[in-house]
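Student: A single structure is presented below for examination.
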Amino acid sequence: MIADAVRAEITALPTYGYRRAGALVNRTRSLIGLPPVNHKRMYRVMKQQGLLLPKSPRRSDSGRAHDGKVMVKESSQRWCSDGFEIACDNGEVVTGVFIKDCCDREIIAWRAWIGRGLPGEPVRDMMIEAVETRFGSTDVRTITVEFLSDNGGAFRATETHALAHELGIKPVHTPVNSPQSNGMAESFVNTFKRDYVGCMDRISGAAVLAQLPDAFRHFNEVHPHSALGYKSPRMFRKERRRQALETDAN
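Next comes the structure, spelled out in structure tokens:
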């Protein structure tokens with residue numbers, strides 16, 4: 011029964027709407043040889059069972075211009091980065107920062123710690139990890155990756171720019187009056203807080219830090235993304251690699 015399948019998928023993911031829930035159900039159905047359920051039927055089933063999310067309020071327009079296009083067509087052409095804070099029940103605050111690919115949406119690297127403030131060292135550590143993860147080494151001077159961030163001191167620091175130049179990374183900073191130009195990173199922060207942080211045990215900073223690895227792994231390996239055809243980032247990357255191999259073979 012479709013309703014039972016939906017419940018099985020969203021019990022631990024209560025913030026998933028009918029399209030993401032449908033994507034998870036259809037992945038499972040595909041593995042056992044069943045045909046997919048289209049989104050209209052999924053909507054009807056979830057509505058009948060009272061499983062739909064309440065409609066979100068319409069966001070107000072800030073009036074600021076942000077005409078730049080963040081998304082790119084290929085992986086490792088542009089990365090974006092931003093920081094976030096998680097308030098804990100005991101008064102502690104966990105600060106995190108991440109690097110996200112602007113094509114496949116994978117979180118390539120991340121750091122988190124207890125305390126407020128975003129120093130430059132975690133950002134630089136992530137840059138090295140991201141380059142090694144995507145290119146196999148840090149000697150990639152023939153490749154230039156754009157690195158989009160806001161104007162925070164950790165991103166604009168002289169040491170950060172110097173390391174970026176050594177790694178083949180081109181820092182790009184959003185206009186001071188248009189932080190929405192880094193909308194892909196901000197969108198991830200909103201998604202992460204809604205779908206993951208909201209379901210965490212936030213009794214202490216240590217408790218939050220212990221849950222973050224699984225949260226980032228789930229986002230990369232499971233979380234359906236609308237711009238990726240409701241594939242997860244790593245499913246999308248795997249499909250791209252398969253297509254490239256088939257093209258080379260032909």
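Residue numbers (this note's numbering): 11 to 260. The beta carbon of each residue, even a glycine, is placed where N, CA and C say it ideally should be. If you're wondering where the values come from, they're calculated on a predicted model, not measured in any experiment.
(1) Spatial neighbours of residue 262 within its chain, please: C-beta separation below 8 Å, excluding the five flanking residues on both sides.
(2) Please determine if the stretch 222 to 232 and the stretch 193 to 212 are in contact, where contact requires at least 3 C-beta pairs separated by less than 8 Å.
(3) In terms of residue numbering, what span does the alpha helix (DSSP H) encompassing residue 132 cover?
(4) Secondary structure at residue 163, three-state DSSP: helix, strand or coil?
(5) Taking only the alpha-carbon atoms, compute the straight-line gap between residue 108 and residue 94 and give it to the nearest angstrom.
(6) If you count every other CB in all the chains shown that lies within 10 Å of the CB of residue 233, and 16 or more means buried, which is it?
(7) With a CB to CB cut of under 6 Å and the five nearest residues on each side skipped, what residues in its chain are close to residue 77?
(8) Excluding the 5 residues preceding and the 5 following residue 240 in the sequence, name in chain order all residues of the same chain whose CB lies nearer than 6 Å to its CB.
(9) Can you grab the Cα-Cα spacing for the pair residue 62 / residue 178, in whole Å?
(10) Return the chain-ordered list of same chain residues with a C-beta closer than 8 Å to the C-beta of residue 127, the five sequence neighbours on each side being excluded.
(11) Could you check whether residue 170 and residue 141 sit closer than 7 Å to each other, using their CB atoms as the reference points?
(12) Does residue 12 come out as helix, strand or coil in the three-state DSSP assignment?
(13) Quick one: Cα of residue 85 to Cα of residue 159, how far?
(14) Mind checking who residue 103 pairs with in its DSSP beta bridge?
(15) Taking residue 10 as the reference, which of 215, 237, 252, 248 has the closest Cα?
(16) Which residue marks the beginning of the alpha helix (DSSP H) containing residue 172, and which one marks its end?
(17) Report the rounded CA-to-CA distance for residue 110 versus residue 200, giving the unit in angstroms.
(18) From the DSSP output, in three-state form, read off residue 114 for me.
(19) Going along the chain, which residues of its own chain have a beta-carbon closer than 6 Å to the beta-carbon of residue 55, five neighbours each way excluded?
(20) In terms of DSSP beta bridges, what is residue 183 paired with?
(21) Under 7 Å Cβ to Cβ from residue 166, same chain only, skipping five residues before and after it: list those, please.
(22) Does the distance from the CB of residue 92 to the CB of residue 213 come in under 7 Å?
(23) Inspect the beta-carbon positions of residue 53 and residue 26 and report whether they are closer than 7 Å.
Tutor: To lay it out plainly:
(1) Look at the range of the chain in this structure, 11 to 260, and you will see that residue 262 is not part of it.
(2) The stretch 222 to 232, when compared against the stretch 193 to 212, does touch it at the 8 Å Cβ threshold.
(3) Residue range 130 to 145 is occupied by the alpha helix (DSSP H) that includes residue 132.
(4) DSSP places residue 163 within a helical segment (H, G or I) once states are collapsed to three.
(5) Rounded to whole angstroms, residue 108 to residue 94 spans 9 Å at the Cα level.
(6) The C-beta of residue 233 has 16 or more other C-beta atoms within 10 Å across all chains shown, which makes the residue buried.
(7) The predicted position of residue 77 is uncertain, since its pLDDT is 46 and thus under 50; no value can be drawn from it.
(8) Closer than 6 Å at the Cβ level, and outside the excluded window around residue 240, lie 33, 234.
(9) When rounded, the distance between both Cα atoms is 46 Å.
(10) Taking C-beta separations shorter than 8 Å and ignoring five residues to either side along the sequence, the partners of residue 127 in its chain run 105, following chain order.
(11) Going by C-beta atoms, residue 141 is not nearer than 7 Å to residue 170.
(12) Residue state, collapsed to three classes: helix.
(13) So the two alpha carbons sit approximately 17 Å from each other.
(14) For residue 103, which the question treats as bridged, DSSP gives the partners 97.
(15) Any property of residue 10 remains undetermined from this structure, which presents the chain solely from 11 to 260.
(16) Unbroken alpha helix (DSSP H) run through residue 172: 168 to 177.
(17) For the pair residue 110 and residue 200, the Cα-to-Cα distance works out to about 14 Å.
(18) Residue 114 falls in the coil class under three-state DSSP.
(19) Same-chain partners within the cutoff: 12, 13.
(20) 159.
(21) 183, listed in sequence order.
(22) Contact flag unset, no.
(23) Contact check for residue 53 against residue 26 fails: the beta carbons are separated by 7 Å or more.
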